[in-house]
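Letter by letter, the sequence shown follows residues 1 to 219 of full-length UniProt numbering. Contents: one structure, followed by commentary.
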Amino acid sequence: MNSTSRTQSRSRGRLSQGGSHPDAVTDMSQSAERGRGDGPETPASVKTPPEDVDRTSELDDSAQLNRDRVVQDVSWFEEVVDSTSKTKATPFVPNPWMQQIASASQMDIFGGDTRKWPTFIANFRALVHEAIRSDAQRIAVLGQLLSPRLRSGFSGRLADPAMYREVLRRLHKLYGDPKALAKMNLHDLMSLPPLRSEQSSDLEAFFCKVSGPLSTMKL
Numbered sequence: 001m002n003s004t005s006r007t008q009s010r011s012r013g014r015l016s017q018g019g020s021h022p023d024a025v026t027d028m029s030q031s032a033e034r035g036r037g038d039g040p041e042t043p044a045s046v047k048t049p050p051e052d053v054d055r056t057s058e059l060d061d062s063a064q065l066n067r068d069r070v071v072q073d074v075s076w077f078e079e080v081v082d083s084t085s086k087t088k089a090t091p092f093v094p095n096p097w098m099q100q101i102a103s104a105s106q107m108d109i110f111g112g113d114t115r116k117w118p119t120f121i122a123n124f125r126a127l128v129h130e131a132i133r134s135d136a137q138r139i140a141v142l143g144q145l146l147s148p149r150l151r152s153g154f155s156g157r158l159a160d161p162a163m164y165r166e167v168l169r170r171l172h173k174l175y176g177d178p179k180a181l182a183k184m185n186l187h188d189l190m191s192l193p194p195l196r197s198e199q200s201s202d203l204e205a206f207f208c209k210v211s212g213p214l215s216t217m218k219l
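Written as structure tokens, this is what we have:
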């Protein structure tokens with residue numbers, strides 16, 4: 001064997017030992033492709049289980065219903081209070097509105113007695129009309145100070161703050177006629193029984209029966 005043949009044989013041996021044969025390269029490429037194919041699935045290829053699809057659909061439908069539902073305003077009675085504010089000590093300040101209501105609640109209920117109208121309207125003006133600035137609150141208190149019979153008769157007007165002064169005018173027209181009041185007071189004076197004794201208790205009772213109609217007639 002000559003020197004040229006020996007050189008070619010050595011070259012082929014080195015190529016076989018180095019793993020650079022074309023067939024080996026092809027096998028390595030195919031193995032790499034199979035390795036990439038057997039790797040983890042991409043998010044696009046992951047299939048959602050049927051139960052998760054149904055649950056997602058129910059959540060979407062519930063969200064749509066919540067968007068379509070008309071939300072009623074309940075803040076006025078369900079106001080959210082900060083829990084930290086409850087721990088703070090705040091001084092107690094009396095509510096003027098509550099004080100005025102307490103004063104007006106001491107008034108006698110007016111039931112349609114003409115004799116009691118002057119006293120009722122005078123107290124109402126002092127304790128309610130001049131103490132409260134809102135007609136809505138005034139007419140609310142007025143409705144509570146009328147007897148059930150009168151409240152029922154004025155129920156349509158007592159629900160409208162704009163009718164506050166109209167209700168007072170109608171009440172005064174019905175029960176505040178000076179002539180009708182004078183006649184009733186005179187009738188009461190003429191109907192008093194005569195004084196039978198001069199004991200202090202009898203004198204006091206007679207005085208009250210006389211002074212009441214007389215003082216009312218002077219108003």
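Glycine residues also receive a C-beta, built at the ideal position from the N, C-alpha and C atoms.
Beta-carbon proximity of residue i to residue j, cut-off 9 Å
{"i": "LEU146", "j": "GLY111", "result": "yes"}
{"i": "PRO118", "j": "ALA136", "result": "no"}
{"i": "LEU168", "j": "ILE132", "result": "no"}
{"i": "ARG165", "j": "PHE154", "result": "no"}
{"i": "ASP188", "j": "LYS209", "result": "yes"}
{"i": "ASP113", "j": "TYR175", "result": "yes"}
{"i": "SER105", "j": "GLN144", "result": "yes"}
Assigned exposure category for residue i - 16 Cβ within 10 Å defines buried
{"i": "LEU158", "result": "buried"}
{"i": "GLY37", "result": "Because the pLDDT at GLY37 is just 49, under 50, the model does not fix this residue reliably, and the value given afterwards should be weighed accordingly. GLY37 is exposed by the Cβ-count criterion."}
{"i": "PRO178", "result": "exposed"}
{"i": "PRO148", "result": "exposed"}
{"i": "residue 226", "result": "Here the chain covers residues 1 to 219 and nothing more, so residue 226 does not appear."}
{"i": "LEU150", "result": "buried"}
{"i": "PHE207", "result": "exposed"}
{"i": "LEU214", "result": "exposed"}
{"i": "SER200", "result": "exposed"}
{"i": "ARG69", "result": "Interpretation of ARG69 is limited by its pLDDT of 47, a score under 50 that renders its predicted location unreliable; no figure is taken from the coordinates."}
{"i": "SER211", "result": "exposed"}
One or two residues paired with residue i in a DSSP bridge
{"i": "LEU146", "result": "PHE110"}
Expected contact under 8 Å - CB spacing of residue i and residue j to nearest Å
{"i": "ASP202", "j": "LEU195", "result": "7 Å"}
{"i": "ARG138", "j": "HIS129", "result": "6 Å"}
The alpha helix (DSSP H) enclosing residue i, as first and last residue numbers
{"i": "GLY156", "result": "155 to 158"}
{"i": "VAL128", "result": "Note, VAL128: premise wrong, no alpha helix (DSSP H); not H, not E."}
{"i": "ASP177", "result": "Neither: ASP177 is in no alpha helix (DSSP H) and is coded neither H nor E."}
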